[in-house]
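S.K.:
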Amino acid sequence: MIITNNPLVRSTYENAHVILFVEGNYREVLVKARDLVHGRHQLITHPLMGSLKPNETPYRSVVVSDAVLDKTDADSVLIIEEAILVFDRFIKTARTDRGEGSTEKMKEDFREIDLSLLSSALSE
Amino acid sequence: MNQIKVVHYLNQFFAQIGGEEKANIPPEIKEGPIGPGMAFQAALGDNAKMVATIYCGDSYFNENTEASIEAILMMIREQKPDLVICGPAFNAGRYGVACGTVASAVKEKLGIPAVTGMYTENPGVDLFKSSVYIVPTKDSAIGMRDAVAAMVPLALKLARGEALGPASEEGFMPMGIRKNFFEGKRGSRRAVDMLLKKLAGEPFETEFPMPDFDRVPPNAAVTDMRKAKVALVTSGGIVPKGNPDRIESSSASKYGKYDLEGVSDLTDVNYETAHGGYDPTYANDDADRVLPVDMLREFEKDGKIGSLSRYFYSTVGNGTAVASAKKFAQEISKDLVADGITAVILTST
Amino acid sequence: MKLELGYIPIRDIQFGPKSKVDNNTLYVNKKELSALLLEDEGIASVELDLARPGESVRITPVKDVIEPRVKVSGTGGIFPGWCAKVRTVGTGRTHVLKGAAVITTGKVVGFQEGIIDMSGEGAKYTPFSKLNSLVLIIQPKEGMLQHAYEKALRLAGLKTAEYLGKLAEHLEPEEVRTFETLSVTDGIKMYPELPRVGYVLMLQSQGLLHDTYVYGVDAKQTLPTLIGPTELMDGAIVSGNCVSACDKNTTYHHLNNPVVEDLFSEHGKTLNFVGLMITNENVYLADKERSSDRTAELCAYLGLDGVIISQEGFGNPDTDLIMNCKKIEAKGIKTVIITDEYAGQDGASQSLADADAAADAVVTGGNANMVIHLPAMDRVIGSIDQVDHIAGGWSGSLKEDGTITAELQVITGATNELGYNTLSAR
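Structure representation (structure tokens):
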């Protein structure tokens, strides 16, 4: 299942994967993924994929298992919780912001990069 | 430069309002220095003037942090100071947390430099040493003179906006601030040298110490719960009604040991929580929610566990210093072993 | 596996009627090289420019930096899988134009990466300010997609480095150094008393502008493997990685891997440099698990006593780094890791996204969030308008007078995690 706020990911994969589209920011995608991980879905991709820092792109996609496990996956919990902490640290301490406030043309590129990072995992 | 204007923050005790019975007073402000403020004024001399003192009860502050901070910041803003001095708080836990909170908010929200002083084991140190200049002090007010002498030069530098040297030179606790610099050798060479030392078993210094995890490896699993003698230990603050040992609502300095002989259910008539860090309604209503005596008595009856220990142990985990918690645990463990306890259930909040 | 590197020092670079190296000056025939690059049908225009150490020049957005080299003898050619057939390289002799570089620039996407200043404050932080560089500004044909444009740029850089490298094929090097890796059994016989040391080189491999290639293969589709350290010197590893430029390895870094050089310099003296393993940094968590498992197995299989692990990037690669470190340490093999930090502009934040007590020996390339002030330059090669949108820049980073206030993150190679620089943090 792909949790994403990137419309390009949705349109690319909506016929191939279950999509949980988040009308919200990067953090809200992480939080949704966290909720699912605590609901015994396994984290499939690293929530901090790519080199764009949390304050440097508005888009994020995270894959979790479609299936629900017998018990919560501890590694998944640690990784997603740590990712949210990292996100908050960057938003709090970093002055750089080229995510939310960027131009439409640039957002298009951010969507493209997010899609490319995600498909690097999904194509396997 | 004009004379530096300083505002001082104190608790009710150092502001000479009263002891624990006055710990619930909200923030107030008075013109000029009070108590330790006199010592600061003497040490500052003509360089600076203690223009006002703000004080607040420790309990009030910790139970109404947001409202307190808002009020205090408003008072400070009106004074337009160049510097804020908080405490020193020595080893007073709630006072330390208040000093750290005020200093941190003053720096972040008002952009005014602030300095405080605390004993190294004060819980305020763990919470604020990365964001606030904290000068190490003795553990009680006996150390006031030394604390003032150490805080004043740093305070003046901060007020004048002078560049600070490393923590060790300026006399404040290291903040864990990472600073870039150029080494003599490139990184790969340093890595090779470090590896050679590590391989030879020689001492080496990592350039980035990992955060202190302080993880405790879990004990082996209990093989047969039906034979286990189980004890309950909590940091959730469950105490007999009236809190006979006066365990503090935050930054606890002690723990209590309580008899469960003949008790099969914790009720609102006999038990409550001393914890000040969470909504106590549900714990006060039925303390079994934090300390499950009722269930364990049932298990005991059904033979699922061997027996429930006669005593339970309780403290408050709210801002309690790690060093204090370790000390409690050592004493409690000794007791548990002496009593032949074979399993412990630890509950938090 | 034995390779001789012959160094031909380059102290100046000029355009001229004939491409050649003469008296330590590299001359470039603009027309000839442009024509060569325009053979790629996707490229609409090629502009060439020069940048020398100490000049008041700013180059941005930088995609890659490449050192011109040529294979004089031995199998294969420079950049196998791209410019040459996929034959194993790393033996025989290779000539190097030491002090020269090819720098590629181009706006593949709207937000852009990488600044190289040839003088001033910024020059201190990038090793490329010390090189005589030929800069390629490549425009794609209308409608070309980002992936295709990135690839065209990458290839143009490699082709140019190969073209310039060939000028040195028949020159007499000023200095020749020999690097040799023994077979595992010969190494044991020769240095029975020395600690056996390996190197784990982590390669970022995650998608557009985040990729690395090994003999032409996308590293994300590889399993960790042994590769001769001298193979790197012939261009077996090529960079397609530039986002957040401070801690991305350019092709130049791979050709001149400093860990490889420094392990070779101690080889046979204080340690036995047994071998180099490459591993990837994928998005897929199962890949991270699989790759770190394999890497640890390889280290154990080689009977290593110690390993240096170098990282590329921050965030999810910290997970790979810590997994590698933990699993290799668990085999009883001592590790040193090389990383960099994102400790916030005030240096007060937790530096890494993952951590473990097993990582008790860390070398850092510095805090990438540190704010730097870059003076205005007389000349900008590439385009400057994207600086506000660079990783580490922010709205208002670029002042009207041409000065820049941004994080160290913007400077290509500033906090390199191969340990290429002397920068550190405390």
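Chains as they are written, first to last, in this note's numbering: chain A, 1 to 124; chain B, 1001 to 1349; chain C, 2001 to 2426. In this text, a Cβ means the ideal position worked out from N, Cα and C, and glycines have one as well.
#1: Three-state secondary structure (DSSP) at V2243/C?
#2: How would you list, in chain order, the residues of chain B whose beta-carbon sits under 8 Å from the beta-carbon of R2426/C?
#3: Measure the C-alpha to C-alpha separation of H2147/C and D2040/C and round it to an integer number of angstroms.
#4: For the segment 2241 to 2272 of chain C, enumerate the residues whose C-beta is nearer than 9 Å to any C-beta of chain B, in chain order.
#5: Below 8 Å, can you find three or more Cβ-Cβ pairs linking the segment 1202 to 1219 of chain B to the segment 1278 to 1292 of chain B?
#6: Report the residues of the segment 2401 to 2425 of chain C with a CB closer than 9 Å to any CB of chain B, ordered along the chain.
#7: Which residues of chain A have a Cβ atom closer than 7 Å to the Cβ of K2220/C, listed in chain order?
#8: Where do the ends of the beta strand (DSSP E) carrying Y2342/C lie?
#9: Using CA coordinates, which residue listed in A2084/C, D2186/C, K2018/C is at the minimum distance from P2214/C?
#10: What does the Cβ neighbour count give for G1236/B, buried or exposed, with the cut at 16 atoms within 10 Å?
#11: Anyone know if the C-beta pair for P2229/C and V2260/C falls short of 8 Å?
#12: Measure the CB-CB distance between L1127/B and K2334/C and report whether it falls below 8 Å.
#13: Should the segment 2197 to 2208 of chain C be called in touch with the segment 2216 to 2230 of chain C, which here means at least 3 C-beta pairs below 8 Å?
#14: If we call anything under 8 Å between Cβ atoms a contact, is S2129/C one with D2117/C?
#15: Would you say V31/A lies against chain C (beta-carbon separation less than 8 Å)?
#16: Out of curiosity, what's the CA-to-CA distance linking T1234/B and F1312/B?
#17: Quick check: is the beta carbon of H46/A nearer than 8 Å to any beta carbon in chain C?
#18: Pick helix, strand or coil for L30/A, following the three-state DSSP scheme.
#19: What separation, rounded to the nearest whole angstrom, lies between the Cα atoms of T1116/B and R60/A?
#20: For a test of the three-state rule: what should DSSP assign to Y2125/C, helix, strand or coil?
#21: Pick from G1045/B, E1248/B, S1253/B: whose alpha carbon is nearest that of G1277/B?
#22: Which residue comes first and which comes last in the beta strand (DSSP E) that contains A1052/B?
#23: With 8 Å as the threshold, decide whether the Cβ of V2109/C is near any Cβ in chain A.
#24: Please state whether the Cβ-Cβ distance between K1255/B and S1333/B is less than 8 Å.
#25: If you measure between the beta carbons of A1141/B and F1090/B, is that distance less than 8 Å?
#26: For D114/A, count neighbouring Cβ atoms within 10 angstroms of its own Cβ and tell me buried if that reaches 16, exposed if not.
#27: Once the 5 residues before and after L2423/C are set aside, which same chain residues still bring their CB inside 8 Å of it?
#28: So the candidates are L2398/C, A2357/C, T2339/C; which of them puts its Cα closest to the Cα of A1191/B?
#29: Just to confirm, are G2382/C and T2060/C a CB contact at a threshold of 8 Å?
#30: K2334/C CB to nearest chain B CB: under 8 Å?
#31: Short of 6 Å in beta carbon distance, which residues of its chain neighbour G2081/C, apart from the five on each side in sequence? Order them along the chain.
#32: List the DSSP bridge partners of G2092/C.
#33: Starting from A2084/C, follow its DSSP beta bridges and name the residues at the other end.
#34: What's the call for Q1967/C, buried or exposed, on a 16-neighbour Cβ count within 10 Å?
#35: Once the 5 residues before and after P1995/C are set aside, which same chain residues still bring their CB inside 7 Å of it?
#36: List the whole-angstrom C-beta distance separating L2153/C from G2106/C, where the pair is believed to meet the contact cut-off of C-beta under 8 Å.
M.R.: According to the structure data:
#1: Counted from its first residue, the third sequence places residue 2243/C at position 243. If DSSP states are grouped into helix, strand and coil, V2243/C belongs with coil.
#2: Counting from 1 along the third sequence, the entry for residue 2426/C is found at position 426. Within 8 Å Cβ-Cβ: R1178, K1179, F1181, E1207.
#3: Along the third sequence, read from residue 1 onward, the residue named residue 2147/C stands at position 147. Along the third sequence, read from residue 1 onward, the residue named residue 2040/C stands at position 40. If you take the alpha carbons of H2147/C and D2040/C, they lie about 15 Å apart.
#4: N2257, P2258, V2259, V2260, E2261, D2262, L2263, S2265, E2266, T2270, L2271
#5: no
#6: L2408, T2415, N2416, E2417, L2418, G2419, Y2420, N2421, T2422, L2423, S2424, A2425
#7: If you number the third sequence from 1, residue 2220/C lands on position 220. Per Cβ cutoff of 7 Å: S120.
#8: Translated into the one-based positions of the third sequence, residue 2342/C becomes position 342. Neither: Y2342/C is in no beta strand (DSSP E) and is coded neither H nor E.
#9: Counting from 1 along the third sequence, the entry for residue 2214/C is found at position 214. Going by the sequence as given, residue 2214/C is Val instead of Pro. The shortest Cα separation from V2214/C among A2084/C, D2186/C, K2018/C belongs to A2084/C.
#10: The residue labelled residue 1236/B in the question sits at position 236 within the second sequence. Under this definition G1236/B is a buried residue.
#11: On the third sequence, residue 2229/C is found 229 positions in, with the first residue counted as 1. On the third sequence, residue 2260/C is found 260 positions in, with the first residue counted as 1. Cβ distance < 8 Å, so P2229/C and V2260/C count as in contact.
#12: Translated into positions along the second sequence, residue 1127/B becomes position 127. Translated into positions along the third sequence, residue 2334/C becomes position 334. Not closer than 8 Å, so no.
#13: yes
#14: By one-based count along the third sequence, residue 2129/C stands at place 129. By one-based count along the third sequence, residue 2117/C stands at place 117. For S2129/C and D2117/C, yes; Cβs fall inside 8 Å.
#15: On the first sequence, position 31 is the one that residue 31/A refers to. Judged by the 8 Å Cβ criterion, V31/A is not in contact with chain C.
#16: Numbered from its first residue, the second sequence carries residue 1234/B at position 234. Numbered from its first residue, the second sequence carries residue 1312/B at position 312. Near 8 Å, if we compare the C-alpha coordinates of F1312/B and T1234/B.
#17: Position 46 of the first sequence, counted from the first residue, corresponds to residue 46/A. For H46/A, the answer is yes, since a Cβ of chain C falls inside 8 Å of its Cβ.
#18: As a first step, residue 30/A must be located in the first sequence, where it is residue number 30. If DSSP states are grouped into helix, strand and coil, L30/A belongs with the helices.
#19: In the second sequence, the residue the question calls residue 1116/B occupies position 116. In the first sequence, the residue the question calls residue 60/A occupies position 60. C-alpha separation (whole angstroms): 42 Å.
#20: One-based indexing of the third sequence puts residue 2125/C at position 125. The answer is coil: DSSP assigns Y2125/C none of H, G, I, E or B.
#21: The residue labelled residue 1277/B in the question sits at position 277 within the second sequence. That would be E1248/B, whose Cα lies nearest to the Cα of G1277/B.
#22: For the purposes of this step, residue 1052/B is taken as residue 52 along the second sequence, with counting starting at 1. Looking at the DSSP string, the run of the beta strand (DSSP E) that includes A1052/B is 1048 to 1056.
#23: Against the third sequence, residue 2109/C aligns to sequence position 109. For V2109/C, the answer is yes, since a Cβ of chain A falls inside 8 Å of its Cβ.
#24: As a working mapping, residue 1255/B is identified with position 255 in the second sequence. As a working mapping, residue 1333/B is identified with position 333 in the second sequence. In the sequence on display, residue 1255/B carries Tyr and not Lys. Cβ distance not < 8 Å, so Y1255/B and S1333/B don't count as in contact.
#25: By one-based count along the second sequence, residue 1141/B stands at place 141. By one-based count along the second sequence, residue 1090/B stands at place 90. Against a cut-off of 8 Å, the Cβ pair of F1090/B and A1141/B comes out as a contact.
#26: By 1-based counting over the first sequence, the position of residue 114/A is 114. Answer is buried; the Cβ neighbour count reaches 16.
#27: Here residue 2423/C is taken as the residue at index 423 of the third sequence, counted from 1. Y2125, G2365, G2366, A2414, T2415, listed in sequence order.
#28: As a position in the second sequence, residue 1191/B is number 191, starting the count at 1. With distances taken between Cα atoms, A1191/B lies closest to T2339/C.
#29: Here residue 2382/C refers to the residue found at position 382 of the third sequence. Here residue 2060/C refers to the residue found at position 60 of the third sequence. Cβ distance < 8 Å, so G2382/C and T2060/C count as in contact.
#30: Within the third sequence, numbered from 1, the residue matching residue 2334/C stands at position 334. Chain B contact via Cβ: present.
#31: By 1-based counting over the third sequence, the position of residue 2081/C is 81. Counting only Cβ-Cβ distances below 6 Å, and skipping sequence neighbours, we find Y2215, G2216.
#32: As a working mapping, residue 2092/C is identified with position 92 in the third sequence. G2092/C is bridged to L2003/C.
#33: Here residue 2084/C corresponds to residue number 84 of the third sequence, with the count starting at 1. In DSSP, A2084/C forms a bridge with P2080/C.
#34: Shown here, chain C extends from 2001 to 2426; a query on residue 1967/C therefore has no answer.
#35: Since the displayed chain C opens at 2001 and closes at 2426, residue 1995/C lies outside it and no answer follows.
#36: Here residue 2153/C refers to the residue found at position 153 of the third sequence. Here residue 2106/C refers to the residue found at position 106 of the third sequence. Their Cβ separation, rounded to whole angstroms, is 5 Å, which keeps L2153/C and G2106/C in contact under 8 Å.
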